[in-house]
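Below is one structure, written out as structure tokens, with a few remarks after it.
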Amino acid sequence: MRGAGWILLGVAALWMSQLPLVSSHPTCSVSQQLDGSFKYELSEPHDSTCDTSWRTSILGPSVNMEEAGLMTYTTNKVIARNSDRDDTLVQALTNQSITMKTCYDFLLHRAECSGVQVMTNCSVNCTRLPEQSQNKSDPVNPDLICFTVDRCLDPVTFGLCVFAVAVVITVVVCLCIYKPRCESNLNSPDLKSSRPQESRPQESRPEESRPEESRPEGSRPEGSRPKEFQT
């Protein structure tokens, strides 16, 4: 029974892992580009199989469409649907963003996927948007030490780099100055004369064979007599 229970739990876990995850409702952000256009970007892209559209919208007291968590608005004009767009108003279009040539206070994005419709409202104050974009472009930490526009270091890292470079330069200078002096001192004649001379082992030479002293003929060594005189 216990084994069957573990099997059922495993099957249930496998089935749950195959279920699609429920994503949070997408949000929208607006930013001004360097060329003067305005980019409305969703927090996550939609699937390519979804039916999507972008619309200009105007806030008003009338309630034509309502969505939980969204502001009340009145739809004005469709400016993009799927991959088609109004080139007079839209500069660029992707599955996550739309770039407008002029700023709109409100844009509505619709996405219908598998019968489920999700609407996202993009709202911005166009009169204050350049000021907001400038604040976003300001450096987060004004104490950073910047060499170029995109290369900055904090004071601690900069100090460590300067210290490391100073240590390397000091070591190189010491090697260049003191090493030749040491070598010249070692090779000086005074130091050579003060060194103890190494004792070399004497080579053993074989004793030279001395030639026997020449004796005069007829001379015999003492104690030797002719056989006939020996008794």
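Per mature numbering (1 follows the signal peptide of the UniProt record, and there is no 0), the sequence shown runs over residues -24 to -1, 1 to 207. Positions of the beta carbon are idealized from the N, C-alpha and C atoms, including for glycine.
Of the residues the options, the one placed nearest residue i, counting alpha carbons only
i    : options                : result
T99  : T75, D81, M76 and S24  : Position check: residue 99 holds Ser in this sequence, whereas Thr was assumed. It is D81.
C26  : A142, V148, Q8 and R86 : R86
T103 : C89, C79, E88 and Q93  : C79
Sequence-distant residues of the same chain with beta carbon closer than 6 Å to residue i, five excluded per side
i    : result
P2   : L18, S19, E20 and T96
S5   : E17
V147 : none
R57  : S29
V94  : A87
For residue j and residue i, the rounded distance between their alpha carbons
i           : j    : result
R31         : C137 : 53 Å
T28         : G91  : 12 Å
F139        : C150 : 17 Å
D60         : V132 : 52 Å
D11         : V143 : 47 Å
P63         : I55  : The residue you asked about is not Pro; residue 63 is Asp in the sequence shown. Computed Cα separation, rounded: 9 Å.
residue 210 : I145 : Shown here, the chain extends from -24 to 207; a query on residue 210 therefore has no answer.
N101        : C89  : 30 Å
Integer Cβ distance of residue i from residue j, believed to fall under 8 Å
i   : j   : result
T75 : S13 : 5 Å
K77 : L65 : 6 Å
Neighbourhood of residue i by C-beta, 7 Å cutoff - its chain only, sequence neighbours within 5 removed
i    : result
N71  : P21, H22 and S24
V141 : none
Assigned exposure category for residue i - 16 Cβ within 10 Å defines buried
i           : result
S73         : buried
residue 263 : Given a span of -24 to 207 for the chain in the structure shown, any question on residue 263 remains unanswerable.
G36         : Low confidence applies to G36: its pLDDT is 48, below 50, so where it sits in the model is not reliable, and the reading given next is rough at best. When all chains shown are included, G36 counts as exposed.
G45         : Any reading at G45 needs caution, since the residue's pLDDT is 46, under 50, leaving its predicted position unreliable; the model's value is listed next. Classification for G45: exposed.
Within-7 Å CB hit, residue i to chain B
i   : result
I55 : Structure shown: chain B not included; a single protein chain is present.
Chain-order list of residues whose beta-carbon lies under 8 Å from that of residue i (same chain, five-residue window excluded)
i   : result
Q67 : S13, T75, M76 and K77
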